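One structure below.
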Amino acid sequence: MIEKTLSLAIPCRADEPDLGSTLDSLLAACRSPELPSACLREILICLNGVTAGQESPPLQAVREFCTRHAVSLDEIDLSSAQERAPQAAAGLRCVVLAADWRGKPRAMNALWRRARGDLLAFCDADVRVAPDALARLYAQLQNDAQARLVAAREVPVVDAQVGLWSRMGALPYRFDFGNAGGRLFMIRRDALISPLPEDLLLEDAWLTVAVGKSHVRKHMQARVFFVLPRTWNDYFAERVRTEAGKIQLRRHHAGLLEPGPVAAYPWAEFVRRMTWPEYGLALLALAIRGLARLWAWGRLRRGGFYRLYRPFRSTKRWAG
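62 is the number of the first residue of the sequence shown in my numbering; add one for each residue after it.
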């Protein structure tokens, strides 16, 4: 079997506080003995929201990472009229695409256009990747001809001091809803016939139905770790964005939903696996979801969808 080449793609805001730790975990995953050593071509990072003359913590983190690991680095300004092609380099290279505009879907499109690999692994900039995660995703795409997208299992990090909002947010991640998570996934270059709409609020939900659920897989042993919202403001804002994203899919991408919904709810499994205290959390979460949906409808009457997108600051604070 011919081994597919791989491009690692990271959309990242210009104010992301700890991209370096994410890169370190990804490099460890790239060095897994289960991943073919020559398959990884490049690490592509799209920094969006860059302001000329202003310090960018993630850009500094990339420079330090490349120096520390002897990886060639090429920095390209996407906002320049003289935008150039990346320099040719032997071995693994890292390319930073810097843009003054904002938006994760737009950054993903920019990464897609630049990537040279047969497969693209998209990873969020604020997660930690298990050492065997990339190898597991890669192996499934190599061995499953029907699979076009394979997503990792998203595992929330819950510490001893976790609050109500994090406990409530962690509950759904114990179950598999059949949709692709967007924090870490691997996709074939030819899986999409058109770019991502740039105002998407739920790019992972859109990808699930755009690729086709029959071609989407979730690898439960490929893990990616993340921090949940720890404050009421962040928890509720995330719920509002999620409900607005569902409205957006039904309103503007209804054709993609004709074969079926994005997610399936395993009600019998909920009843079997939840404890009595968790039933209380679930009821409260459902009530807040209803409120968030009403709030989203109200906000959308005053503006477009992407105005509801904002980062959640409490999800950037990793313990230790």
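Backbone N, C-alpha and C define an ideal beta-carbon position, used for all residues, glycine too. Since this is a predicted model, take the numbers as computed values, not measurements.
Candidates the options, of which the one nearest residue i by Cα
{"i": "M335", "options": "A200, H130, W267, M229", "result": "M229"}
{"i": "S275", "options": "D205, Q309, A213, L232", "result": "D205"}
{"i": "V111", "options": "R124, D251, R154, D76", "result": "D76"}
{"i": "R457", "options": "A122, A305, D295, L202", "result": "Beyond the ends of the chain as shown, which are 62 and 381, falls residue 457; an answer cannot be given."}
{"i": "I137", "options": "Q115, L253, N109, R163", "result": "N109"}
{"i": "E116", "options": "R74, A89, R129, T128", "result": "R74"}
{"i": "L158", "options": "R189, G152, P72, A113", "result": "P72"}
{"i": "L134", "options": "I104, A113, A324", "result": "I104"}
{"i": "E216", "options": "L257, F287, P119", "result": "A small fix is needed here, since residue 216 is Val in this sequence, not Glu. It is F287."}
{"i": "W173", "options": "V132, P233, M247, F238", "result": "M247"}
{"i": "P94", "options": "R235, R197, Y370", "result": "R197"}
{"i": "V132", "options": "R154, P119, S140, L139", "result": "R154"}
{"i": "S227", "options": "K65, S375, E64", "result": "S375"}
Straight-line Cα distance separating residue j from residue i
{"i": "T292", "j": "P78", "result": "18 angstroms"}
{"i": "P290", "j": "F373", "result": "7 angstroms"}
{"i": "H280", "j": "D265", "result": "15 angstroms"}
{"i": "I106", "j": "Y367", "result": "22 angstroms"}
{"i": "L80", "j": "V123", "result": "8 angstroms"}
{"i": "K307", "j": "L355", "result": "13 angstroms"}
Simplified DSSP assignment, three categories, for residue i
{"i": "S133", "result": "strand"}
{"i": "Q201", "result": "helix"}
{"i": "Q391", "result": "Residue 391 lies beyond the stretch modelled for the chain, which goes from 62 to 381, so this question has no answer here."}
{"i": "P118", "result": "helix"}
{"i": "M335", "result": "coil"}
{"i": "E264", "result": "helix"}
{"i": "K279", "result": "strand"}
{"i": "F297", "result": "helix"}
{"i": "D251", "result": "helix"}
Residues sharing a beta bridge with residue i, DSSP
{"i": "C127", "result": "Per DSSP, none; premise fails for C127."}
{"i": "E259", "result": "Its beta-bridge partners do not exist; DSSP assigns none."}
{"i": "N109", "result": "R74, A160"}
{"i": "R167", "result": "R167 is not bridged to any residue."}
{"i": "F246", "result": "F183, A212"}
{"i": "E103", "result": "S68, R154"}
{"i": "R189", "result": "F286"}
Anticipated Cβ contact below 8 angstroms, residue i with residue j, distance rounded
{"i": "A171", "j": "A160", "result": "7 angstroms"}
{"i": "V272", "j": "A252", "result": "5 angstroms"}
{"i": "L69", "j": "A182", "result": "5 angstroms"}
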